[in-house]
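S.K.: Residue numbers (our numbering), protein chains in the order written: chain A, 1 to 201; chain B, 1001 to 1254.
All residues carry an ideal CB built from backbone N, CA and C; glycine is no exception.
In this text the structure is predicted, and so the values were computed from the model without any measurement.
Just dropping this structure here.
Have a look at this one:
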């Protein structure tokens, strides 16, 4: 079973609905025992960074351990940003530190927030995007993005006046800045691919 | 670069999608959840659900509808109609809507937009404006409230600017004169508003042909086009609309 981490805030149900729709059972939980047993973990994207990290609270350590043990982890939007060292949204906040890098404001070349459908170039070596290459549109809604300082990380970019980090992969750790649960059939395919990655283990 | 958006609008009455002409003579257009799921699957960029009855009884129904839509629709959607308090907005967002649109209540209490934006972020707050061409002042439009039934003295362009200042993240601009006529959007209206604000404008009312969509974006300056009649009654598919706009050089999610 894939466990969607429950922050008890905002709308985490959209992600669960999308997994149900593709025939994948998920459980909404923050119980360390369930996190340890899960085949994969999803960190959904709700609220501001500091708020989300605080809400994650005692579940942070089990998530970090599971990720280090090789369990597939998918962070979505703020959940993706939480994979990094820190963010400066409303003051500095520490992240999970699973990927080296910082979450910084989107360069104000165009209107912020970056909201709507944008094209993401999908590199060959990222298995989250099987069947979707070379590029697809996904739905974004964010004001901050990740600046990656980690050589082991594969990165997919989107262009918004300047290149923004749209997705990252470091081994079993995956992050998507866009919302796959709100990106129509292509987004559902990303979730199917994650499900397949979890099932393979 | 962000794409231009195609947004089917589902006016909901008694749990059915309906569509009229100039806000009158409603025709049945199907089940809202089924139709929403079909549009989501066909590649629509967003959906708008408007509760056009907006009574106390229908409000409960609309929360339930939003939940069912969220289970079957995997693109962003906005819900509106008779929403008057921050608590109602909270309930709809928690039920799965990305955005909530306010109209009559915002005119009566503009602070509602500020409160909602502060609590949920500007991106959740859509200011819906029903605009009617002024009979006395050329090049002006008046804001109408209560599903278009009550004209006010408020000027549409001034109201849109005020809405942005108060925290609206988007303007859903409906021309009552063009609504349901299939004769084209009111692009003079769209241009006047899109030139005056920095937030996205969704053009609504009057789409009948593919070139109308192009004109609303290029001549009217709209970031998104909303339509009902031409898609509910199968004149054009979402893909046909997107292909047409892409072929004419606009960035589309296709």
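Of all the residues that make up the region 1045-1062 of chain B, which are near chain A by a beta-carbon distance shorter than 9 Å?
M.R.: Those residues of the region 1045-1062 of chain B that come within reach of chain A (Cβ to Cβ, closer than 9 Å) are 1045, 1046.
S.K.: My parser needs the alpha helix (DSSP H) runs of 4 or more residues fully inside the region 1136-1203 of chain B; what are they?
M.R.: If we require 4 residues or more, the alpha helix (DSSP H) runs fully inside the region 1136-1203 of chain B come out as 1156-1166, 1187-1196.
S.K.: By the DSSP assignment, the beta strand (DSSP E) with residue 1101 (chain B) in it spans what residues?
M.R.: Here residue 1101 (chain B) is taken as the residue at index 101 of the second chain, counted from 1. Segment 1099-1102, the beta strand (DSSP E) holding residue 1101 (chain B).
S.K.: Please report the straight-line C-alpha distance between residue 103 (chain A) and residue 146 (chain A), rounded to a whole angstrom.
M.R.: In the first chain, counting from the first residue as 1, residue 103 (chain A) sits at position 103. In the first chain, counting from the first residue as 1, residue 146 (chain A) sits at position 146. Going from the Cα of residue 103 (chain A) to the Cα of residue 146 (chain A) covers about 4 Å.
S.K.: Give me whichever residues DSSP pairs with residue 1002 (chain B) in a beta bridge.
M.R.: Translated into the one-based positions of the second chain, residue 1002 (chain B) becomes position 2. According to DSSP, residue 1002 (chain B) bridges with nothing at all.
S.K.: Where are the alpha helix (DSSP H) runs, 4 residues long or more, that stay fully inside the region 51-101 of chain A, in chain order?
M.R.: Counting only runs of 4 or more, we get 60-68, 78-81.
S.K.: Considering residue 187 (chain A), what are the terminal residues of the alpha helix (DSSP H) in which it resides?
M.R.: Your numbering for residue 187 (chain A) matches position 187 in the first chain. 184-200 is the extent of the alpha helix (DSSP H) around residue 187 (chain A).
S.K.: Return the CA-CA distance between residue 212 (chain A) and residue 50 (chain A), expressed in angstroms with no decimal places.
M.R.: With chain A covering only 1 through 201, there is no way to say anything about residue 212 (chain A).
S.K.: Work out the CA separation of residue 119 (chain A) and residue 135 (chain A) for me, nearest whole Å.
M.R.: Position 135 of the first chain, counting from 1, holds the residue named residue 135 (chain A). Position 119 of the first chain, counting from 1, holds the residue named residue 119 (chain A). Roughly 7 Å between the two C-alpha positions.
S.K.: Taking residue 6 (chain A) as the query, report the chain B residues whose CB atoms sit under 7 Å from its CB, ordered along the chain.
M.R.: The residue labelled residue 6 (chain A) in the question sits at position 6 within the first chain. Neighbours of residue 6 (chain A) on chain B: none; closest Cβ ~14 Å, over 7 Å.
S.K.: Does any residue of chain B have a CB that is nearer than 8 Å to the CB of residue 14 (chain A)?
M.R.: What you label residue 14 (chain A) is simply residue 14 of the first chain in a count that begins at 1. At least one chain B Cβ lies under 8 Å of residue 14 (chain A).
S.K.: Just reading off the alpha helix (DSSP H) that residue 1214 (chain B) is part of, what are its end residues?
M.R.: Looking up residue 1214 (chain B) in the second chain gives position 214. Residues 1210-1218.
S.K.: Please list the partners that residue 1123 (chain B) has in chain A, where partner means a Cβ-to-Cβ separation under 8 Å.
M.R.: Locating residue 1123 (chain B) in the second chain gives position 123, where the first residue counts as 1. Residues of chain A passing the Cβ test: 113, 115, 141.
S.K.: Leaving out five residues before and five after residue 1113 (chain B) in sequence, what residues of the same chain have Cβ atoms less than 8 Å from its Cβ?
M.R.: On the second chain, position 113 is the one that residue 1113 (chain B) refers to. Only 1102, 1106, 1125, 1127, 1163, 1166, 1167, 1168 meet the Cβ criterion.
S.K.: Please report the distance separating the alpha-carbon of residue 993 (chain B) from that of residue 1161 (chain B).
M.R.: There is simply no residue 993 (chain B) to check, as chain B begins at 1001 and stops at 1254 in what is shown.
S.K.: If I measure Cβ to Cβ from residue 14 (chain A) and keep anything under 6 Å in the same chain, skipping five residues before and after, which residues do I get?
M.R.: What you label residue 14 (chain A) is simply residue 14 of the first chain in a count that begins at 1. Only 181 meet the Cβ criterion.
S.K.: Report yes if the CB atom of residue 1200 (chain B) is closer than 8 Å to the CB atom of residue 139 (chain A), and no otherwise.
M.R.: One-based indexing of the second chain puts residue 1200 (chain B) at position 200. One-based indexing of the first chain puts residue 139 (chain A) at position 139. Not closer than 8 Å, so no.
S.K.: How big is the Cα-Cα spacing for residue 1117 (chain B) and residue 1123 (chain B)?
M.R.: Mapped onto the second chain, residue 1117 (chain B) falls at position 117. Mapped onto the second chain, residue 1123 (chain B) falls at position 123. Approximately 8 Å between the Cα atoms of the pair.
S.K.: Touch check for the region 154-166 of chain A and the region 106-126 of chain A: three-plus C-beta pairs under 8 Å?
M.R.: Result yes; three or more Cβ-Cβ pairs closer than 8 Å.
S.K.: Whole-angstrom Cβ separation of residue 34 (chain A) and residue 78 (chain A), contact assumed at under 8 Å?
M.R.: Here residue 34 (chain A) is taken as the residue at index 34 of the first chain, counted from 1. Here residue 78 (chain A) is taken as the residue at index 78 of the first chain, counted from 1. Not a contact, Cβ separation roughly 22 Å.
S.K.: Between which two residues does the beta strand (DSSP E) holding residue 1132 (chain B) run?
M.R.: Taking the second chain and counting its residues from 1, one reaches residue 1132 (chain B) at position 132. Run containing residue 1132 (chain B): 1125-1133, per the beta strand (DSSP E) assignment.
S.K.: Tell me whether residue 1230 (chain B) sits in a helix, a strand or coil according to DSSP, three-state version.
M.R.: On the second chain, residue 1230 (chain B) is found 230 positions in, with the first residue counted as 1. Helix.
S.K.: Would you mind telling me which residues of chain A sit closer than 9 Å to residue 1041 (chain B), beta carbon to beta carbon, in chain order?
M.R.: Here residue 1041 (chain B) refers to the residue found at position 41 when the second chain is read from its first residue. Going along chain A in sequence order, the residues near residue 1041 (chain B) (Cβ under 9 Å) are 184, 185.
S.K.: Tell me the residue span of the alpha helix (DSSP H) that contains residue 1040 (chain B).
M.R.: Mapped onto the second chain, residue 1040 (chain B) falls at position 40. Residues 1032-1042.
S.K.: Which residue comes first and which comes last in the alpha helix (DSSP H) that contains residue 1247 (chain B)?
M.R.: Here the question's residue 1247 (chain B) lines up with position 247 in the second chain. From DSSP, the alpha helix (DSSP H) with residue 1247 (chain B) extends over 1238-1247.
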